[in-house]
């Protein structure tokens, strides 16, 4: 298969779809790899490293898209990239379509085969390709929040861990999944006073038992508990995920207005539309804004801030799926693995992810029947 790796063009996005090591493995298996000039510079992988791995370096994204049967990216294609997709071409990347009708419409028009990392499942019902980036984002959320709390960032001037004689910051984490637990670990490690909320009692029990003796409160995410902990917090981290669907707006404007001036909100769910009512996407070059005297950090590609760690963590998870697409073709790879099939969001002009269809009021097409009908 002819596989293309374009350079990411989203604001301050330095990750890359394939590392040189994985390019080398695909070339060894007989595939042809095209990598855009400079695609790996953000992780310290120069063009020569990809050439040594056996890739052909092409100077423009247009050439990458034109030559490739499958495109491997990290972030969703922007408008300029979507114009280069063609019918039958495979796109494998994060898509986050539910809050993005414009991207969805463009991908439908392209008639490409669009497979999203974030909706692929596994036998345990979790999201294996989203997990590594959720781990990174969860840990980064505390770093970002701690910096935003500093006075020069318009925060309240609170040190997350406090010092002897001065209380630590109060951190509220909404959601006890992968993002929430990683944020919790970081916040506890820095000495913060942490409350984590979730509606899954098994999650709360596990966290309470595993982190017993630490400065942690586990709370059922009732409206009353949410209101109380948000109002009391110096830092609130939104770590809510409904696979493939838009995030629920759990923190309302009245809750935000109740917070102290200089408090901070970090919305890790912003890729799916955000879980704070006042959230709007920001970038690494302009990461925060202030609304109702509260600092909002809503960067839509948080792991891009640590591209080397993020790229290698992501490749560890995505590469087995990339191999299967390349070696088996998309029909066989998807048809015989229902969990992989869950990643298929758009197929030749039709929406094949139920949560995306529901969120954007599109007709849902059962993907297996579409693919099986062609074989």
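Numbering (the numbering used here), first residue to last: 6 to 380.
Glycine included, each C-beta is placed from N, C-alpha and C at the ideal position.
Just so we're clear, the structure is a prediction, and the values are computed from it rather than from any experiment.
- 9 Å or more divides the Cβ of residue 376 from the Cβ of residue 113.
- Its chain contains no residue whose beta carbon lies nearer than 6 Å to that of residue 326 once the 5 sequence neighbours on both sides are disregarded.
- With contacts defined by Cβ atoms closer than 9 Å, residue 89 and residue 6 do not form a contacting pair.
- Within the DSSP bridge table, the entry for residue 61 names 39 as partners.
- Taking 4 residues as the minimum length, the alpha helix (DSSP H) runs contained wholly in the segment 135-199 are 136-153 and 183-194, in order along the chain.
- In the DSSP assignment, residue 28 falls within the alpha helix (DSSP H) that extends over 25-33.
- For residue 217 and residue 197, the gap between their C-alpha atoms comes out near 15 Å.
- The beta-bridge partner set that DSSP reports for residue 295 consists of 300.
- For residue 238, the number of other beta carbons within 10 angstroms of its own is at least 16, and it is reported as buried.
- According to the DSSP assignment, residue 92 belongs to no beta strand (DSSP E), since it is labelled neither H nor E.
- Boundaries cannot be given for residue 239, as no alpha helix (DSSP H) includes it and DSSP labels it neither H nor E.
- In this chain, residue 19 is not harboured by any alpha helix (DSSP H), its DSSP state being neither H nor E.
- The three-state secondary structure of residue 216, taken from DSSP, is coil.
- Rounded to the nearest angstrom, the Cβ distance from residue 243 to residue 280 is 4 Å, consistent with a contact under 8 Å.
- Taking the CA atoms as reference points, residue 207 sits about 15 Å from residue 179.
- A distance below 9 Å separates the beta carbons of residue 246 and residue 182.
- For residue 324 against residue 27, the beta-carbon gap comes to about 5 Å, under 8 Å, which counts as contact.
- Here residue 144 is buried. Its C-beta has 16 or more other C-beta atoms within 10 Å.
- Each of 50, 291 and 303 was checked against the Cα of residue 272, and the nearest Cα belongs to 303.
- Here residue 372 is buried: its Cβ has 16 or more other Cβ atoms, across all protein chains shown, within 10 Å.
- Of the other Cβ atoms in all chains shown, fewer than 16 fall within 10 Å of the Cβ of residue 107; this residue is therefore exposed.
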